[in-house]
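Asks: Structure incoming, see below.
Numbering (the working numbering), first residue to last: 1 to 344.
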């Protein structure tokens, strides 16, 4: 489960609505149930991120995808770019490549088959052009835009119940969950009672669990890889949401928390500023600062009325943007352009 899963689900649904046949090839994991909920057939396969080292796995992946006879490949992670090049060239099929993290080095791509590189925010553009060496004309910005159509009420405070702080995303260095664990240690040390729920999976999971044990926070911090149709169930149980991102864009779930009206704390990355107005619809704090994060969590928990009003403004602003419909339209347009079709 990760932000990429929620984005992928929205992309699959948009393509289905546009009238395309869609198949999903993915690694086995907790996200599978979410993908099955789209109605598209899901195939479990090997998707090596290092084709040179995973030569035989790469060949098996290419054979599996070839059997599906795709007309277009939609690649949802820049880590799969080397594999995508080999499959697209071998099958002579056009493809679009998503980039969900800041580009640090040249992005491998097929000049013959690549039709578009999709970015989640404008702040990724220059780095993708310069470090990634991708022609600017190929770039398409498609911002995270969760669907917010559901009944919504602010979570009610109950006397004696420990407040719940939630964070959702890929468990890697980029998302900064170790900063949240350290902030929690400071809060507990100061006598604050709370529960912290971190939802996700990723390469830093073992390190995070070790950090929790060493800080003696096992009864406070839970790290789970939940299987659920969407994140609304989890977010509806949260008193406060934290996005401690170090670099890049806050993920899909962070913007979903805003739209759900959950009072939210964001680190000040370049892509946060377009959605979060400090102290109005969310709090913006400096990155990589456990002390500042702990102070901000404490402040919102001590001022539930102000926190609730912040959440109300966040939801109103996200509803005003009405991004989900536009996201679906843009996905359809990108796919039609890549296939040489006229968008409907």
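Positions of the beta carbon are idealized from the N, C-alpha and C atoms, including for glycine.
Mark residue 143 as exposed unless 16 or more other C-beta atoms lie within 10 angstroms of its C-beta, in which case mark it buried.
Replies: Counting Cβ neighbours within 10 Å, residue 143 comes out buried, since at least 16 surround it.
Asks: Output the distance between the C-alpha atoms of residue 292 and residue 74, rounded to the nearest integer angstrom.
Replies: When rounded, the distance between both Cα atoms is 40 Å.
Asks: So residue 165 and residue 211 are supposed to be a Cβ contact under 8 Å. How far apart are they, rounded?
Replies: The Cβ separation is near 16 Å, so there is no contact.
Asks: Measuring CB atoms only, is the region 329 to 343 touching the region 8 to 20, in the sense that at least three cross pairs come out at less than 8 Å?
Replies: Yes, the region 329 to 343 touches the region 8 to 20.
Asks: Rounded to whole angstroms, what is the Cα-Cα separation between residue 44 and residue 25?
Replies: Cα-Cα distance, rounded: 6 Å.
Asks: Which same chain residues end up closer than 7 Å to residue 46 when comparing Cβ atoms and leaving out the 5 residues on each side of it in sequence?
Replies: Closer than 7 Å at Cβ, skipping near neighbours: 57, 60 and 61.
Asks: Is it true that the CB of residue 169 sits closer than 9 Å to the CB of residue 199?
Replies: It is a contact, given that the beta carbons lie within the stated cut-off.
Asks: Within a Cβ cutoff of 7 Å, which residues of the same chain sit near residue 326, ignoring the five residues on either side of it in sequence?
Replies: Answer for residue 326: 145, listed in chain order.
Asks: On the premise that residue 134 lies in contact with residue 107, defined as a C-beta separation below 8 Å, what is that separation, rounded to the nearest angstrom?
Replies: With a Cβ gap of about 6 Å, residue 107 and residue 134 count as contacting.
Asks: Let me know the secondary structure DSSP gives residue 326 once reduced to three states.
Replies: If DSSP states are grouped into helix, strand and coil, residue 326 belongs with the helices.
Asks: Considering just the uninterrupted stretch of the alpha helix (DSSP H) at residue 87, what are its terminal residues?
Replies: 81 to 91 is the extent of the alpha helix (DSSP H) around residue 87.
Asks: What does residue 43 pair with, by DSSP beta-bridge criteria?
Replies: Answer is 25.
Asks: With a CB to CB cut of under 6 Å and the five nearest residues on each side skipped, what residues in its chain are close to residue 123?
Replies: Hits under 6 Å: 270 and 271.
Asks: In angstroms with no decimal places, state the Cα-to-Cα distance between residue 167 and residue 101.
Replies: If I take the Cα positions, the gap works out to 18 Å.
Asks: What are the uninterrupted segments assigned as beta strand (DSSP E) that are 3 or more residues long and contained completely in the region 234 to 286, given in chain order?
Replies: Those beta strand (DSSP E) runs which fall completely within the region 234 to 286 and span 3+ residues are 240 to 243, 264 to 267 and 283 to 285.
Asks: Out of 35, 207 and 85, which has the shortest C-alpha to C-alpha gap to residue 49?
Replies: When each option's Cα is compared against that of residue 49, the closest is 85.
Asks: What residue from 38, 95 and 78 has the CA that sits closest to residue 65's CA?
Replies: Residue 95 is the option with its Cα nearest to residue 65.
Asks: Is it a yes or a no for the region 254 to 261 touching the region 308 to 316, going by three-plus beta-carbon pairs under 8 Å?
Replies: These segments touch.
Asks: Out of 197, 297, 250 and 233, state which residue places its alpha-carbon closest to the alpha-carbon of residue 276.
Replies: When only C-alpha atoms are compared, the closest one is 250.
Asks: Out of curiosity, what's the CA-to-CA distance linking residue 136 and residue 121?
Replies: Roughly 14 Å separates the two Cα atoms.
Asks: Scan the region 161 to 200 and note each continuous alpha helix (DSSP H) run of 4 residues or more that stays entirely inside, going in chain order.
Replies: Runs found: 177 to 189.
Asks: Beta-carbon within less than 6 Å of residue 72's beta-carbon, same chain only, minus the 5 sequence neighbours each way: which residues are those?
Replies: Counting only Cβ-Cβ distances below 6 Å, and skipping sequence neighbours, we find 94, 338 and 339.
Asks: Could you name the residues that DSSP lists as bridge partners for residue 73?
Replies: Answer is 95, bridged to residue 73.
Asks: Can you give me the C-alpha to C-alpha distance between residue 90 and residue 67, rounded to a whole angstrom?
Replies: Spanning the two alpha carbons is a distance of roughly 13 Å.
Asks: If you run the structure through DSSP and keep just helix, strand and coil, what is residue 65?
Replies: Here residue 65 sits in helix by DSSP.
Asks: DSSP three-state label for residue 9, please.
Replies: In this structure, residue 9 counts as helix in the three-state DSSP scheme.
Asks: Smallest Cα separation from residue 130: which of 273, 105 and 115?
Replies: Nearest C-alpha to residue 130: 105.
Asks: Given this structure, state the Cα-to-Cα distance separating residue 295 from residue 190, to the nearest angstrom.
Replies: So the alpha carbons of these two residues sit roughly 11 Å apart.
Asks: In whole angstroms, what separates the C-alpha of residue 7 from that of residue 304?
Replies: Going by the C-alpha atoms only, they are around 31 Å apart.
Asks: Provide the residue span of the alpha helix (DSSP H) that contains residue 297, from first to last.
Replies: Per DSSP, residue 297 belongs to the alpha helix (DSSP H) from 290 to 302.
Asks: Please classify residue 213 as buried or exposed, where buried requires at least 16 neighbouring CB atoms within 10 angstroms.
Replies: Per the 10 Å Cβ criterion, exposed.
Asks: Between which two residues does the alpha helix (DSSP H) carrying residue 35 extend?
Replies: Looking at the DSSP string, the run of the alpha helix (DSSP H) that includes residue 35 is 32 to 36.
Asks: Please classify residue 158: is it buried, with 16 or more other beta-carbons within 10 angstroms of its beta-carbon, or exposed?
Replies: Label assigned to residue 158: exposed.
Asks: Any idea which residues DSSP pairs residue 224 with across the strands?
Replies: Per DSSP, 199.
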